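A.B. asks: Protein chains in written order, with the numbering used here: chain A, 6 to 172; chain B, 871 to 969.
Glycine is no exception: its CB is placed at the ideal position from the N, C-alpha and C atoms.
The model shown is predicted, which means the values in this text are computed figures rather than measured ones.
#1: Residues of chain A with CB under 9 angstroms from residue 938/B, in chain order?
#2: Can you find a C-beta in chain B that's less than 8 angstroms from the C-beta of residue 22/A?
#3: Since residue 140/A is in the alpha helix (DSSP H), which residue starts that stretch and which ends it?
#4: Give me the chain A residues within the contact set of residue 965/B, using Cβ-Cβ distance strictly less than 7 angstroms, ordered along the chain.
#5: Starting from residue 943/B, find everything on chain A with Cβ-Cβ shorter than 7 angstroms and list it in chain order.
#6: May I ask which residues mark the beginning and end of the alpha helix (DSSP H) holding residue 184/A?
#7: Quick check on DSSP: helix, strand or coil for residue 872/B?
#8: By alpha-carbon positions, which one of 75/A, 8/A, 57/A and 14/A ends up nearest to residue 34/A?
#9: Is the beta carbon of residue 913/B sitting closer than 8 angstroms to the one on residue 24/A?
#10: Suppose contacts are defined by Cβ-Cβ distances below 8 angstroms. Is residue 905/B in contact with residue 952/B by that definition?
#11: Quick check: what's the CA-CA separation for residue 147/A versus residue 139/A?
Printed below as a string of structure tokens:
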């Protein structure tokens with residue numbers, strides 16, 4: 006085992022256990038903190054894959070901005086004191102987990118079947134290339150992205166404003 | 871490390887997200903599970919991008935992140951306004967659109 010494999014196993018285990026913790030904790034705040042752990046270890050996996058830009062964006066956007074938003078809303082609504090019955094019943098839960106395991110087996114089968122022996126061995130992509138691609142081939146989607154953010158901004162303001170006039 | 875290990879990890883993370891959406895009834899936890907699924911897709915994108923030696927996958931990760939940010943902001947605003955009306959965010963109790 007070389008260093009890359011050891012790092013992959015460590016980061017993979019941390020992100021998997023963080024993800025399982027997200028759906029197991031009763032208190033939403035613990036779930037949010039477990040999700041942050043998952044995001045950080047995924048940033049580590051991106052570094053392993055030679056994608057420092059994506060790793061930095063992961064830490065800044067996901068672990069930073071999005072999770073702060075989540076924690077802010079959880080604390081604003083004071084959800085820790087809500088009713089604890091937040092799960093579905095036993096039979097449906099078992100069925101959901103059964104379906105999930107079936108889905109995972111399918112995905113693993115496809116992953117091993119479709120990739121063959123094309124290992125992750127080529128040269129990593131430079132961040133410079135991403136920038137060039139973003140401003141040439143993907144220029145129109147990039148501009149539409151800014152429209153999405155603008156629409157989200159206006160939508161949130163509309164939601165909150167209507168709320169204010171009602172009460 | 872082979873590509874397939876990254877894809878398997880991505881599949882497992884996605885599956886955990888799916889199970890979370892199916893099992894949990896708390897709207898905020900459901901949102902977190904959606905984030906988990908988007909992240910699993912990002913991991914697959916980056917792994918395949920590395921395997922093919924092309925930067926296109928990472929550009930798509932950029933777009934996915936933008937959409938995720940917009941989606942979370944809107945979704946949490948909706949959750950806050952639902953909570954103000956109903957005093958709950960249990961998705962089983964928010965059923966006024968039920969036919």
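C.D. replies: From the atom records:
#1: 66, 67 and 71
#2: no
#3: Here residue 140/A belongs to no alpha helix (DSSP H), and DSSP marks it neither H nor E.
#4: Against chain A, the beta carbon of residue 965/B has no neighbour under 7 angstroms; the closest one sits roughly 14 angstroms away.
#5: 74, 157 and 161
#6: Past the edges of chain A, shown from 6 to 172, lies residue 184/A, and the structure says nothing about it.
#7: Assigned with DSSP and collapsed to three states, residue 872/B falls in strand.
#8: 75/A
#9: no
#10: no
#11: 7 angstroms
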